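Enquirer: Mind having a look at this structure? Questions to follow.
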Amino acid sequence: MAIVTFKKSELEQLIGMKLDSRYYKEIIPMMGAPLESMTNDEVSFEIFPNRPDMLSIEGFTRNVRYFLGLEDPKRYTSTPYKISVFVDKSVKNTRPFIVSAVIRNVDIDEDFLLDLMQFQEKIHETFGRKRKKIAIGIHDLDMVKPPFYYKAVGGNEVKFVPLDMDKEMTLENILEKHPKGIKYKHLVSDKYPILVDSENNVLSFPPIINGELTRVTENTKNLFIDITGTHLDSLKKALNIITTSMADRGFIVESVRIVDGNECITPDFKERTMNVDLNYIKKIIGINISVEKFVQLLKRAGLDYNGHVLIPPYRTDIMHQIDIAEDVAIAYGYENIEPELPGIFTRGTSLRENDFKTAVASLMNGMMFQEVRTMILSSQNDQNEKMNTNNNLVEILNAKSDEFSVCRRDLMPGILNVFSQNKHVDYPQSIFEMGKIVFLGPTETGADETNMICAASSPGNYSNISSVLKELLSSLKLKFKIIERNDVRFISGRAGTVVIDGDEIGVIGEVHPSVLNKWKVEKPVALFELDMRKIFLKMKTLHKS
Amino acid sequence: MYTLTEEGKKYLENGLPEQVLASIVKEGPMNIRELRNKIENFSIALAWAKKKGLIKIENSIVKFEKDDEQKELTYLKNINNAPEEMIKLLLKRNLIKQEKEGIFERAEKYRGKVIDNLNEEIIKTGIWKDVSFRRYNVSVIGKKIYAGKRHIINLYIEKARKIFLEMGFKEIDGTLVESSFWNFDALFQPQDHPARDMADTFFLKDPSEATLPKEFINKVKDVHEHGGYGSTGWRYKWKECIAKKVIMRTHTTAVSARYLPKSSPPEKIFSIGKVFRNETIDYKHLPEFTQIEGIVISKDVNFRNLLGYLKEFYKRMGFERIRFRPGYFPYTEVSVEPEVYFKDRDEWIELGGAGIFRPEVTRPLGVNVPVLAWGLGLERLVMLKTGLNDIRNFYYKNDLNILREMPVWL
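Printed below as a string of structure tokens:
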């Protein structure tokens with residue numbers, strides 16, 4: 395989730411009008427940018443991943459101006475190229491693509507630099523997939539001598555002074571010692587991509603760090619932008635987003651020639667066209683609008699129309715006419731679309747297994763058992779060590795905490811945890827849970843699941859809990875037997891397997907004091923745990939008349 | 008209440024047989040055969056006289072030893088003053104019997120009294136007409152008791168189920184462990200989408216690889232790589248091995264995705280279940296929470312209808328004010344985030360996401376009509392409705408003090 399923060403004064407200056415809090419709280423969010431927070435001076439919005447063009451203050455305010463009808467969609471142009479970037483074959487296996495642009499006659503102040511840094515960081519994080527897909531370098535053009543060369547070199551072949559350092563470092567050194575090197579070194583390996591000028595001065599070591607040499611300051615007059623990455627389409631979009639933002643500031647965008655065997659001029663500001671069926675749009679939204687209204691709504695979304703919809707170069711998200719439909723709906727205003735239930739007849743049908751759970755819960759409540767709801771995710775420690783068992787569990791690869799690194803195999807540990815967490819609460823405590831457990835099994839995913847019920851009393855004994863079991867199963871018209879079992883979780887001679895019609899459906903017993911000790915439970919616990927799906931199936935087969 | 012037996016009455020009149028015996032021999036020793044003729048109940052008289060040590064027998068001659076000090080006769084006259092030991096003795100000698108008292112006699116003792124506890128005798132005999140009842144301080148409440156209740160989250164789940172069933176929806180269920188294919192790829196989420204990061208999704212170590220549905224692999228791959236059905240697609244190289252990765256489902260939308268190929272429109276479907284995100288635990292986040300999923304599949308539905316369903320659901324959940332804000336999800340377009348208004352906090356709260364499934368989702372799965380879809384959060388709604396502000400209390404700890412105090416009428 396990308397949150398951008400803007401100075402209100404700057405925002406309102408770029409929009410060209412004063413905005414009261416209603417605009418921030420109610421109008422701009424309806425454009426598709428929820429308000430995150432607001433102070434006297436600053437305002438933060440969430441920018442959705444499909445709109446990286448709104449990560450920059452220029453792109454954001456441009457869309458607000460369209461949305462409010464302050465401006466019609468603009469066209470962008472660039473001046474012919476003067477500068478070339480030559481791409482060496484050696485980058486093919488590292489970071490194969492580069493696109494570039496030059497921005498002339500820039501007028502830079504502190505606010506602009508801060509905005510630019512935020513934009514760069516946010517686009518790296520989101521659209522750039524943490525620099526893996528896209529990394530942007532912005533340079534003071536006048537500190538270096540074109541043409542530029544993009545190539546891959548060995549880790550010790552080249553030295554330069556990286557940003558925020560005062561001495562030359564080799565690429566290897568940067569990866570080991572520079573904070574950005576440490577953070578992003580997993581993105582490069584073997585040969586490292588660098589961008590140099592005609593005199594071998596290093597502009598950048600993408601996607602890690604730029605050179606100190608081309609640092610952008612308030613004195614910078616001309617910018618050189620490089621974008622490198624793994625997905626050419628995305629690079630071009632990112633370049634369009636950044637250069638149109640610069641153009642909105644009134645700066646001049648100059649093309650750059652990229653030579654990599656073929657020749658290509660970037661950026662490319664040509665609009666994409668899309669055929670859109672107005673009837674489809676009206677039908678899918680459920681509104682009735684004329685062609686004129688449609689064209690007007692398109693403009694509010696920043697889209698031009700000449701029989702086809704013209705998609706501006708900074709839009710990355712439009713794949714299908716349904717995307718145009720959404721833009722039209724937003725421009726129309728969700729608040730103007732009156733909700734309406736359609737008259738489609740269908741039968742309401744519940745899952746019988748869920749109805750069964752409701753019936754069982756009502757019975758357990760009648761026996762004064764309080765329902766609890768513990769978590770599916772658990773730990774080896776809770777599921778095995780603290781239960782004296784060693785079961786195979788469904789295991790998570792990348793859990794942030796050991797506490798949630800496996801799926802529960804039984805409900806019992808969760809139930810004991812509830813007793814352990816509630817020692818300050820009035821006794822007796824009788825609780826039950828109905829929920830899913832997960833175990834290894836021959837399914838599509840390799841994991842199987844079933845619903846269990848576990849009921850427990852503390853202080854409790856075998857006699858009492860067996861009465862509860864008897865009442866539960868009798869009320870379901872099921873005959874059962876209890877066969878003594880050896881089970882390290884229970885006191886020997888006080889544990890049984892519950893059997894219905896020859897099939898094991900669960901266990902019952904008094905929990906072993908060694909287990910209670912491990913859970914720090916101080917009063918005796920008696921419980922049973924049954925497979926509800928098996929019981930449900932038994933009821934289906936045995937009660938069929 | 009005791010009364011004398013016939014035997015008791017006789018002894019009261021004539022004296023106890025052993026005392027009669029003792030008084031005879033006190034006047035001079037006597038042969039046992041001679042004595043037998045002088046005394047009624049001779050064997051009883053002899054046995055008790057010996058037992059009490061009143062006499063001594065030598066060569067068939069009975070001699071006086073001492074007077075009887077026990078006071079059976081005294082107590083036979085006034086049996087209700089007898090000490091317990093004496094009662095036992097007299098019962099044993101069958102001189103007295105316990106009187107079976109009638110309910111009316113028993114109830115007599117209440118007549119004219121101030122009664123504490125009303126009982127069966129008082130009610131049945133009608134003696135209540137002649138008693139008065141002690142006045143209670145009716146504002147004093149008895150000892151605290153605890154009902155067995157449903158867990159508050161499950162009460163809300165039941166409520167949501169009921170709402171959708173009343174609106175003609177069919178309930179379905181799916182698994183918690185899911186393949187990336189059904190959770191992401193079938194929902195047109197590109198394989199490098201941030202939601203598919205290790206930082207957000209729980210991937211499984213064991214099991215780690217799922218079997219994919221052969222009939223859909225290529226269709227889904229094509230739509231990601233090149234689009235189709237009027238779409239450009241994402242334009243990247245789709246990899247089967249990434250789709251095979253086994254995960255904890257991140258949304259119940261995976262359940263809907265699996266249902267789409269089986270559907271026969273028009274249909275209205277819902278499911279409610281746990282979903283998982285790789286988060287650490289704090290007062291408002293847990294790595295698992297509950298989602299309410301719904302889809303409506305019909306050639307005749309549109310975005311306006313989607314808003315209709317959302318509004319109806321939240322209205323029935325008790326929210327009068329709802330607004331709709333544009334949202335973004337990779338698998339829906341037109342997308343919307345419904346927000347409900349909380350009076351107490353004077354705030355609009357976002358509780359879920361919704362939209363129309365993209366054609367890139369529905370077409371490869373064989374559905375060629377609009378599908379309205381939503382995935383609504385439950386825990387946040389319950390927290391706001393109940394005023395609970397720490398999710399750990401009712402999930403992780405299950406604080407029984409809190410659960411026992413929860414309302415059951417929502």
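The listed protein sequences correspond, in order, to chains S and W.
The opening residue of the first sequence carries number 395 in our numbering; numbering runs sequentially from there.
The opening residue of the second sequence carries number 8 in our numbering; numbering runs sequentially from there.
All residues carry an ideal CB built from backbone N, CA and C; glycine is no exception.
Predicted model only: the values in this text are computed from it and were never measured.
1) Do the segment 714-729 of chain S and the segment 654-664 of chain S make contact, defined as three or more Cβ pairs closer than 8 Å?
2) Helix, strand or coil: which one does DSSP assign to S:Ile683?
3) Restricting to Cα atoms, I'd like to know which of W:Asn405, W:Leu391 and W:Leu407 is closest to W:Leu417.
4) DSSP on S:Arg525, reduced to helix/strand/coil?
5) How about W:Phe210: is its C-beta nearer than 7 Å to some C-beta of chain S?
6) DSSP beta-bridge partners for S:His533?
7) Quick check: the Cα distance between S:Asn759 and S:Phe750, rounded to an integer number of angstroms?
8) Within a Cβ cutoff of 7 Å, which residues of the same chain sit near W:Lys131, ignoring the five residues on either side of it in sequence?
9) May I ask which residues mark the beginning and end of the alpha helix (DSSP H) holding S:Asn759?
10) Nearest CA to the CA of W:Tyr321: which residue from W:Leu162, W:Lys166 and W:Gly119?
11) Quick one: give me the first and last residue of the alpha helix (DSSP H) that W:Gln26 is part of.
12) Could you spell out the range, first to last residue, of the beta strand (DSSP E) harbouring W:Lys136?
13) Taking the runs of the alpha helix (DSSP H) that are 4 residues or longer, which of them lie wholly in the segment 852-904 of chain S?
14) Got a sec: is the Cβ-Cβ distance from W:Thr182 to anything in chain S below 7 Å?
15) Could you run through the segment 137-163 of chain W and flag, in chain order, every residue whose CB is less than 8 Å away from some CB of chain S?
16) Going along chain S, which residues have a C-beta under 7 Å from W:Thr239?
17) Relative to the C-alpha of S:Asn880, which candidate in S:Val901, S:Glu720 and S:Ala793 has its C-alpha closest?
18) What's the call for W:Ser139, buried or exposed, on a 16-neighbour Cβ count within 10 Å?
19) Would S:Ser484 and S:Lys545 qualify as a contact pair, given that the criterion is a beta-carbon distance under 7 Å?
20) Whose Cβ in chain W lies nearer than 8 Å to the Cβ of S:Ala753?
21) Please report whether the beta-carbon of S:Asn858 lies at a distance below 7 Å from any beta-carbon of chain W.
22) Determine, using beta-carbon pairs with one atom in the segment 920-927 of chain S and one in the segment 896-912 of chain S, whether at least three such pairs fall under 8 Å.
23) Compile a chain-ordered list of the residues in the segment 54-73 of chain W whose CB is closer than 7 Å to at least one CB of chain S.
24) For W:Gly60, which residues in the same chain have their Cβ closer than 8 Å to its Cβ, ignoring the five residues on either side in sequence?
25) Hey, is the segment 591-607 of chain S in contact with the segment 550-558 of chain S, meaning 3+ C-beta pairs nearer than 8 Å?
26) Pick from S:Leu617, S:Val862 and S:Ala793: whose alpha carbon is nearest that of S:Ile477?
27) Quick one, which residues of the segment 390-407 of chain W are near chain S if we go by CB-CB under 9 Å, in chain order?
28) Quick check: is the beta carbon of W:Gly359 nearer than 7 Å to any beta carbon in chain S?
29) Kindly list, in the order they appear in chain W, the residues whose Cβ is closer than 9 Å to that of S:Phe739.
30) Nearest by alpha-carbon distance to S:Lys864: which of S:Val481, S:Thr839, S:Asn778 and S:Val893 is it?
31) Identify every residue that forms a DSSP beta bridge with S:Ala396.
32) Do W:Val262 and W:Leu379 have their C-beta atoms closer together than 7 Å?
33) State yes or no: is the beta carbon of W:Leu308 nearer than 7 Å to at least one beta carbon in chain S?
34) Counting only the same chain and skipping the five closest in sequence on each side, list residues whose C-beta sits under 7 Å from that of W:Phe209.
35) With 16 as the cutoff for other CB atoms within 10 Å, does S:Glu504 come out buried or exposed?
36) In whole angstroms, give me the CA-to-CA distance for W:Gly334 and S:Thr710.
Expert: Taking the structure as given:
1) Judged by pairs of C-beta atoms under 8 Å, the segment 714-729 of chain S does not touch the segment 654-664 of chain S, as fewer than three such pairs exist.
2) Residue state, collapsed to three classes: coil.
3) Nearest neighbour of W:Leu417 by Cα position, chosen from W:Asn405, W:Leu391 and W:Leu407, turns out to be W:Leu391.
4) Reduced to three states, the DSSP call for S:Arg525 is coil.
5) It does: the Cβ of W:Phe210 has a partner Cβ on chain S nearer than 7 Å.
6) Paired residues: S:Phe618.
7) Here the C-alpha atom of S:Asn759 lies approximately 14 Å from the C-alpha atom of S:Phe750.
8) In its chain, beyond the 5 residues on either side, Ile110 have a beta carbon closer than 7 Å to the beta carbon of W:Lys131.
9) Arg746 to Gly760 is the extent of the alpha helix (DSSP H) around S:Asn759.
10) Answer by Cα proximity: W:Lys166.
11) That run of the alpha helix (DSSP H) goes Pro24 to Lys33.
12) Element bounds for W:Lys136: n/a, residue is neither H nor E.
13) Counting only unbroken stretches of 4 or more residues, the alpha helix (DSSP H) elements lying wholly within the segment 852-904 of chain S are 856-869, in sequence order.
14) Between W:Thr182 and chain S, the shortest Cβ-Cβ separation is below 7 Å.
15) From the segment 137-163 of chain W, only Lys151, Tyr153, Ala154, Gly155, Lys156, Arg157, His158, Ile160 and Asn161 have a Cβ closer than 8 Å to chain S.
16) Within chain S, the residues near W:Thr239 are Met713.
17) Answer by Cα proximity: S:Val901.
18) So W:Ser139 ends up on the exposed side.
19) In contact: S:Ser484 and S:Lys545 (Cβ atoms closer than 7 Å).
20) Within 8 Å Cβ-Cβ: nothing; S:Ala753 doesn't reach chain W, min ~12 Å.
21) Look at S:Asn858: its C-beta is not under 7 Å from any C-beta on chain W.
22) Touching, per the Cβ criterion.
23) For the segment 54-73 of chain W, the set of positions with a beta-carbon nearer than 7 Å to some beta-carbon of chain S is empty.
24) Correct list, in chain order: Glu72 and Lys73.
25) Touching, yes.
26) Per the Cα distances, S:Leu617.
27) Taken in chain order, the members of the segment 390-407 of chain W whose beta-carbon sits within less than 9 Å of a beta-carbon on chain S are Phe401, Tyr402, Tyr403, Lys404, Asn405, Asp406 and Leu407.
28) No, because no Cβ of chain S sits closer than 7 Å to the Cβ of W:Gly359.
29) What S:Phe739 touches in chain W: Gly175 and Pro273.
30) The shortest Cα separation from S:Lys864 among S:Val481, S:Thr839, S:Asn778 and S:Val893 belongs to S:Val893.
31) According to DSSP, S:Ala396 bridges with S:Ile441.
32) The Cβ atoms of W:Val262 and W:Leu379 do not sit closer than 7 Å to each other.
33) A small correction: the amino acid at residue 308 of chain W is Val; Leu does not occupy that position in the sequence shown. With 7 Å as the cut-off, W:Val308 counts as an interface residue toward chain S.
34) Ile254, Met255, Phe283 and Asn285, listed in sequence order.
35) The residue in question, S:Glu504, is exposed, as its Cβ has fewer than 16 Cβ neighbours within 10 Å.
36) A straight-line Cα-Cα distance of about 16 Å links W:Gly334 and S:Thr710.
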